[in-house]
Structures are given as structure tokens and as C-alpha cells.
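The structure under discussion appears below in the form of C-alpha cells.
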Amino acid sequence: QRPLGVLRLSLTARCNLACPYCRPDGEEPPGLLTLEQRLRVIAAGVALGVNSLRLTGGEPLLHPQLTDLLQAVQPLRRDGLKDIALTSNGLLLTAQRAEALRAAGLDRLTLSLDGTTGASVAAMAGLADSAAGERALEQVLRAIEHARDAGFDPAQGALKLNAVIQKGRNDEQVLPLAQLCRERGLELRLIEYMDVGNRNGWQPADVVTAAEMVRTISERWPLEPQGRAGHSTANRWRYGDGQGSVAMVASVSQPFCGDCNRLRVTADGIAYTCLFAAPGSGVDLKPSLAASRDPADLQATLGQLWQERADRYSEERSTAAARPAAHAEMAYLGG
Ligand code: SAM
Ligand code: SF4
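Right under this line is the structure:
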């Protein structure tokens, strides 16, 4: 009985980084959806209750038709689409690109950055050395300012920063990241390292829990709990000194399957209802998207998939019997 609310659409499985916790493919899967097919998927989602669209990847800024897609979905606002967001590593976000995304109708932007030093960025982004990490860090810091200048106002929740924290790799970056975001007026979203995919070698011991991260931050800057809004992925905390807020995505230590409203569609048109699904367990939308098929078929296929969903992997994680033997990869699913 979980209502559908969010569509996360992956535009590409490729990425210009190779974060070891994500490990994207170097190339696209066969059968990528066309722009027109993606529009039909979004329209069918909106007809079924989707009010929020998140474009993701791989790295969505690698997609040559991103602004065309943004422009083309605008009419769906009349049918109930309220919010269009994008998640990006920010490396390709020039001033011009940020302005073009805003002008094309993007409402919100989340950039990802896992450290504040060349060494930590290199370790988390799969870059060769600290110098390469330093260059990437500078690029993302510039991207934040380009986004702000283009009108993505962090005070309105239109610009946020994601950071995955992994024990032994960048856990010393929790405070520096919090400081960086406080200085820039950004909400930081600290994400527990998740067991998505099979390539990252995830171990429970690699997870820094949200509770640990809250403790670390609150020892320096006291935090006041704000709770988790319905259907949201993040628990929010307000800084006691009024300097904004910080959020925790605690999908490992405090799962939130019970009100999950997120449908995921991969770049090649496979629909998944759970981030931790087994590869091959999704529903291929391409047959329903075939030109010869009645447009109502797609909506019926998605509607049935959603009605039948019973997945709650994060809540069952600790039970060995509930574990799929393998998970679909994060860059393929789009996070
Ligand atoms: N390339 C873009 C980016 O990095 O923002 C968009 C796609 S990426 C898959 C979406 C988000 O998922 C990023 O914020 C990334 O840090 C996060 N992510 C990837 N693998 C993860 C994992 N194993 N655990 C937790 N978060 C992860
Ligand atoms: Fe690329 Fe994002 Fe995956 Fe990092 S997390 S490899 S930036 S898709």
C-alpha cells in the first residue's frame, strides 16, 4: 500500500569517475531508451502518482540530451509533476551548464563530494593521486558556486551536497565536510555506505552509522533533531547555533522501507522498485514502449509492478534468508 511519489530515472550507466563504493560500468548497456521513450516513462509515472522526478546515473551530465529532456517534461507539471531534481558529481557543471539546466526547468540540484582534501577525494572518487583529487575538489567547489549563481538557492533546498562516508577511507572527513557546508550555507546529506551492487566488497564493518556521525558533529556543533519527513530518505538535524541543518541517510542502520515511494528506471528501461534488488529482477519496459503497443500498456505494466511490490530489503538485511544472492549495481540503478 505504499503510494508512488518519486521516479528516479537513470540517464546513463557511464561515469567520469570510478568511486570504489559504486564502480560504474565503462560503457552503456545495450538498448538505451531514447528521449521520446523516457518522456513516455515519465508521463506514465506521473499518471500513476509521481510528483517528483530525479534524474541521475552514472553521471547524468554526460548525457547529451539532458536539457532537451528537461524542457520536454515541463508540460507534465500540469498533470501533477511538481519537482524536478538532478544528482551529479559536479565535475562537468560549468557556469553555462548550470544556467542552461536552470533555464530548462530544473528545480533542484544535489552535488556529491566525499571529502575536503585532495587525498580523501582521490580515495573516494577512484582518482590516481592527491593532486587529481585536489583538482576534482576545486572543480566541485566551483560547481557549487556556479549552481548558486544560476539560481539554485540552498536556502530554498534547491542545492545540497551528498557525501558517502566509509570507515577507514574518509570517516575523518565528517567534520570538515560539515564545516565546508556550514560556511557555504548548504545542507550536507551524509549517506551511510550501502551494500548496493556486488563490486564494492561492502562489509558491515565499513559502515559509519548515522548515530556515530551525529555524535561526531554534535560534539563540535550541538544538533537538534528534526525527524524524517514522510517518504523522505533523510533524518534532518538543525544546528543549535542557527547555521542551517545537516541530514543523515541511514538506510543501513535505520531503514525506511515502510514508506518508500521511489520507483527506479535504468538507462536501458528496466524498472526496479528497490535499490537493493537482484540484477535481472526488474521489469523491462521496452516491450511496453514498442511503437506498436497501446500507450496504456506502459502505465498498466508500471501500475502492476508498483501494486505488487513487497520488497523491504533494508529492513530484512540482517536475515540471511532475505538476501538476494546479488544486487544490481548502483550506477546502473541510479541511486
Ligand atoms: N554520479 C552522480 C553522483 O555521484 O552524484 C549520480 C549517481 S550516484 C550513483 C548517486 C548517489 O549515490 C551519489 O551521491 C553517490 O555518492 C551515492 N552512492 C553511490 N554508491 C553508494 C553506496 N554504495 N552507498 C551509499 N551511497 C552511494
Ligand atoms: Fe560516478 Fe556517482 Fe558512481 Fe561516483 S557515485 S562512480 S560519481 S555514478
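Using my numbering, read the sequence shown as starting at -2 and increasing by one per residue. Ideal Cβ placement from N, Cα and C applies to all residues, glycine included. What you are looking at is a predicted structure, and each value in this text was computed from that prediction instead of being measured.
Residue i beta carbon near the ligand SAM (any heavy atom closer than 7 Å)
i, result
"Thr84", "yes"
"Ser109", "yes"
"Ile267", "no"
"Asn195", "no"
Distance cut-off 7 Å: residue i Cβ against heavy atoms of the ligand SF4
i, result
"Ser215", "no"
"Leu14", "yes"
"Pro21", "yes"
"Met327", "yes"
"Gly300", "no"
"Gly54", "yes"
Sub-8 Å separation of residue i and residue j beta-carbons
i, j, result
"Ser109", "Ala116", "no"
"Cys19", "Asn197", "yes"
"Tyr190", "Val171", "no"
"Asp65", "Asp80", "no"
"Leu187", "Ile162", "yes"
"Tyr329", "Cys271", "no"
"Trp303", "Leu67", "no"
Contacts around residue i, its chain only, beta-carbon distance under 7 Å, and the 5 residues preceding and following it disregarded
i, result
"Ala152", "Gly182"
Beta-carbon contacts of residue i that lie in its chain and below 6 Å, excluding the five residues immediately before and after
i, result
"Ala325", "Ala274 and Pro276"
"Ala144", "Ala95, Leu106 and Leu156"
"Ser225", "The residue you asked about is not Ser; residue 225 is Arg in the sequence shown. Taken in chain order, the residues that qualify are Asn232."
Where residue i falls, given that 16 or more other Cβ within 10 Å makes a residue buried
i, result
"Ser289", "exposed"
"Gly112", "buried"
"Arg75", "exposed"
"Glu391", "Lying outside -2 to 332, the shown extent of the chain, residue 391 is not represented and no answer is given."
"Thr31", "exposed"
"Ala287", "exposed"
"Pro57", "buried"
"Ser85", "buried"
Within-8 Å CB hit, residue i to chain B
i, result
"Tyr310", "As a matter of chain content, chain B is missing from the structure shown, which is built from one protein chain."
*What are the start and end residues of each continuous alpha helix (DSSP H) run of 4 or more residues lying completely inside the segment 75 to 130, in chain order?*
92 to 100 and 115 to 122
*asked:* Just to confirm the assignment: which complete beta strand (DSSP E) runs, minimum length 3, are found wholly within the segment 180 to 236?
replied: 184 to 189, 220 to 225 and 232 to 236
*Run through the segment 11 to 74 for me and flag every whole beta strand (DSSP E) of 3 or more residues, listed as ranges in chain order.*
49 to 53
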